[in-house]
Each structure stands twice: as C-alpha cells, then as structure tokens.
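Here is the structure we will look at, set down as structure tokens.
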Amino acid sequence: MKTKNKILVALDLEAQSVVALKYAEHFAEILDYELDVITVVEESSLLSRLFSGDEVEKKLNKDVQEQVDKLIEPYTGKVKINTTISYGKAYEEIVEYAKMIQPSLIIMGKSEMPKYKRAFLGSNSLHVILESEFPVITIRGDYDFEKYKKEHHDILVPLDLKKDISEQISAAVEVSKLFDSSLYLYAVERKGSTGEKTRMLTQLAKIKEALIKEGVKCKTGLASDEKTPVYELICNEAQKCSASLIVIMTRDENKFTDLFMGSNARDIINNSDIPVLSVEPWDRKEGSEVFSQFIDIFSVYNK
67 MKTKNKILVA LDLEAQSVVA LKYAEHFAEI LDYELDVITV VEESSLLSRL
117 FSGDEVEKKL NKDVQEQVDK LIEPYTGKVK INTTISYGKA YEEIVEYAKM
167 IQPSLIIMGK SEMPKYKRAF LGSNSLHVIL ESEFPVITIR GDYDFEKYKK
217 EHHDILVPLD LKKDISEQIS AAVEVSKLFD SSLYLYAVER KGSTGEKTRM
267 LTQLAKIKEA LIKEGVKCKT GLASDEKTPV YELICNEAQK CSASLIVIMT
317 RDENKFTDLF MGSNARDIIN NSDIPVLSVE PWDRKEGSEV FSQFIDIFSV
367 YNK
C-alpha cells in the first residue's frame, strides 16, 4: 500500500467510537503501525456566545484531552498513539487530517440509524467513505471482541461478477498480505439458472487460479438464492466463515455523486457485525494513490 504505516481512528467519545478504538488498536498491534486518534469538536453556539474563541478552545481542549487520555490509557503500552483535537465538521476534519498523515486505514464507528434514514449519507462515517481517498473500515455494533481476535481470520470479498472487479480484488489482495490472511471470494447467483451458476463458478475458478499462482491464499463460494437480500446473504456468510473483514467497493466507476452509494454496499455497512473495509474505484489510467493494480480480471476471464 502506497501510504504510511499509520492507522487513523476517529474518536468522538461516544460508545461506538470507543469500540472502533478497540479494533484500531488490535489492527495496529498486528501490523506494528502507529495509531493516530482524532477527536473533532463541533463548537456549540452557546459556548461561543459566553466565551471568546480562545477561551472556548482552551476549555474544550482541556476537557476533551482528559477524556481522550482516559480512553486510550489501556493501549498506550502496546502501540505508539498520537492524539489530535480538531474543530469543525467531523467528516471534513477527518478527511483533511487523513490527507496530511497519509494513513493506510481509517477506522470509524458506525452508529445505528433509524431505518428511514439509512438510504441517505447522513452519518460522518459514510461521508468519510465517499470523500476520503483512503480505505475506511467501519465498525458497527459490539460484536464479541475476544471471539473476533481468536477466531476471525479470512477476508470475505463479495463479488458482482457482472462488473469490473479488478480494483476490489487488488485492494483485497494487498490487505490480505498486510494481515497474512486468506481471501474468500464469494458471489451470489440470483436467477436459479444452472447455466448461470456454471458460468459464475467458472469465473470464480479462473480468478482463484490466477491468485494462487501469485502466491495468494484463496478459496471461493457461490450462493444460489433468488429471494434473500444480497446484503443479508453476505453478512450471514461473514459470520459463518469467521471473516475478519468484508472488502467492498462503495460505488460504480461512473457514478460521481456525494449523496448516494450502491444499495448493497450501504446495506452491508449498515448491517454487518463484522468490520467492513470500503474501497472506491480509481481511474485506471492515473492509478490509485493507495493501491497497486494487482490483476486485470477481464484478461483472466478471456483466457
């Protein structure tokens, strides 16, 4: 990965970000990376009216730093931790800080949202996913962390075989090498057609063969299900195979929008109890600022 050996975690002092901090420290310890903790304070208009700008910042800095220090204290002897406090809109400050430190990963807690809001990118984590050039891992819920550390190893890569999946596989390969994990390539067949199932199994086999030739540990799986929502199949499979991560592409290459992402990607992020690594596609000519192009999947199909 063309980045620095750092993990950036957003800590807003709420419960879900504290869970994210726990995972971030775990990943940093495995990789021997530094952990950068950013806490963004959105100044209240009441404080701004009562105190001058400098007074507000000094008071908030002191109070917030004390809370941050208390939360990171259990991890200070395990990895190097840097902290920073920033002011403004959380997702904007996180994106800008990431540009400055060039982390390999950004980790954020994904707070629960009412179902009627889930179609919109209202949360800070989803804004960061769409606006940052760095891969983002979202942590939802409070899965059994001790079980996760002991039993979850493979990286689940749900593939839409009708699309160009080269970037997704390239990202997954680099992450698997970072964590010394196996890839589990997983696809869903929706038509109930024997011919379609055979075609998809052939595609998966070719990709697996190409990856194994390059020294990547890999296995494949195919679900044939016409009714169950795709995201539900993927989230359930991640639990069954004890995945450590789910690697997804957040949107199609031709959809340049800051408001929406593909429904399957969004639903996986909103519903998975397993950490989700979101990667955006990159311009093939210019290349990615983070990942190397590992394999041209279309050329594999045509062999």
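Residue numbering for the sequence shown follows my numbering, beginning at 67 and increasing consecutively. Cβ atoms here follow ideal geometry from the backbone N, Cα and C, with glycine treated the same way.
Under the three-state DSSP convention, the category residue i falls into
i    : result
C307 : coil
F186 : Residue confidence is low: F186 scores 38 on pLDDT, short of 50, so the model does not pin down where it sits. Its coordinate-derived value is still stated next. Residue state, collapsed to three classes: coil.
L225 : strand
G175 : strand
K340 : The residue asked about is misnamed: residue 340 is Ile in this sequence, not Lys. In this structure, I340 counts as coil in the three-state DSSP scheme.
D102 : strand
Y163 : helix
D78  : coil
P201 : coil
E91  : helix
V85  : helix
P295 : coil
V145 : coil
S191 : helix
D129 : helix
E108 : coil
T209 : What sits at residue 209 in the sequence shown is Tyr, not Thr. It is coil, neither helix nor strand.
S290 : strand
T260 : helix
D220 : strand
N320 : In this predicted model, N320 has a pLDDT of only 42, less than 50, meaning its place in the structure is not dependable; the value taken from the coordinates is given anyway. Coil at N320, not helix or strand.
K70  : strand
Contact check, residue i vs residue j, beta carbons under 8 Å
i    : j    : result
K243 : Q168 : no
I172 : F200 : yes
L251 : V223 : yes
I221 : S310 : yes
I104 : L77  : yes
N336 : V296 : no
V107 : Y153 : yes
E255 : L288 : yes
K274 : S248 : no
Cβ-based burial, residue i [other Cβ within 10 Å; buried from 16]
i    : result
L79  : exposed
G175 : buried
M266 : buried
A253 : buried
T260 : exposed
P341 : buried
D333 : buried
E217 : exposed
T264 : exposed
N127 : exposed
R206 : buried
Q133 : exposed
T204 : buried
M166 : exposed
D129 : exposed
I278 : exposed
K98  : First, the residue type needs correcting, since residue 98 is Asp and not Lys in the sequence shown. Per the 10 Å Cβ criterion, exposed.
L187 : Reliability fails at L187, whose pLDDT of 38 lies under 50, so the model's placement of it is uncertain and the value that follows must be treated cautiously. The residue is buried, with at least 16 neighbouring Cβ atoms inside 10 Å.
T268 : exposed
T294 : exposed
Residue-chain proximity (residue i, chain B), Cβ-Cβ < 8 Å
i    : result
D339 : Any reference to chain B falls outside this structure, which holds one protein chain only.
Those residues which DSSP pairs with residue i across a bridge
i    : result
I235 : Answer is none; I235 lacks a bridge partner.
C284 : L249
M315 : V345
I278 : I278 is not bridged to any residue.
V254 : A289
Given 8 Å as the limit, is there contact between the stretch 288-307 and the stretch 161-175, that is, 3 or more CB pairs closer than that? no
Counting beta carbon pairs with one atom in the stretch 136-150 and one in the stretch 92-104, are three or more of them shorter than 8 Å? yes
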